[in-house]
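Below is one structure, written out as structure tokens; the observations come after it.
Numbering (our numbering), first residue to last: 6 to 155.
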């Protein structure tokens, strides 16, 4: 037998143990990443559920900046907000089905933005398209709000 074989070459059982440990570590990293993503999502939802604290004058300045930038780039529309369907009382069902009165299902910041558009922008010819923008697993996911003027 070759000298130092035991110190240089691990046995097969030790190799399997190392591989199992590496796989367990990777699985734990995936679990931690998912937990972190979920925590971030909940924090974002909590933020979007609360009143923004932004008055109409500031919101008008922000809208003008977004619109002017889009117009300068030759665009006739821009997505102004995207949010999880959890911010709709029916998780986006009425929006997805284009039901009359869908706007009553909005809560939090999406509701504020819709009301701002209705009060200040609709009469100036701006249109607001609200639609489900993705379907993870075949069910409604995020909702997008797109402002258009062309």
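Beta carbons: idealized from backbone N, C-alpha and C, even for Gly.
If you look at residue 26, you'll find it isn't in any beta strand (DSSP E); it sits in the alpha helix (DSSP H) that goes 17-54.
Counting along the chain, residue 121 sits inside the alpha helix (DSSP H) bounded by residues 113-121. The straight-line gap separating the alpha-carbon atoms of residue 25 and residue 87 is approximately 41 angstroms.
Distances from the alpha-carbon of residue 138 to those of 10, 132, 53, 148 put 148 closest. In the DSSP assignment, residue 67 falls within the unbroken alpha helix (DSSP H) covering 61-77. The beta carbon of residue 124 is closer than 8 angstroms to those of 61 in its chain, skipping five residues each way along the sequence. Going by DSSP, residue 98 is part of the alpha helix (DSSP H) stretching over 98-101. In this structure, the beta-carbon distance from residue 113 to residue 133 does not fall below 8 angstroms.
DSSP places residue 153 in the uninterrupted beta strand (DSSP E) bounded by 148-153.
One thing to note: residue 153 has its Cβ no nearer than 8 angstroms to the Cβ of residue 108.
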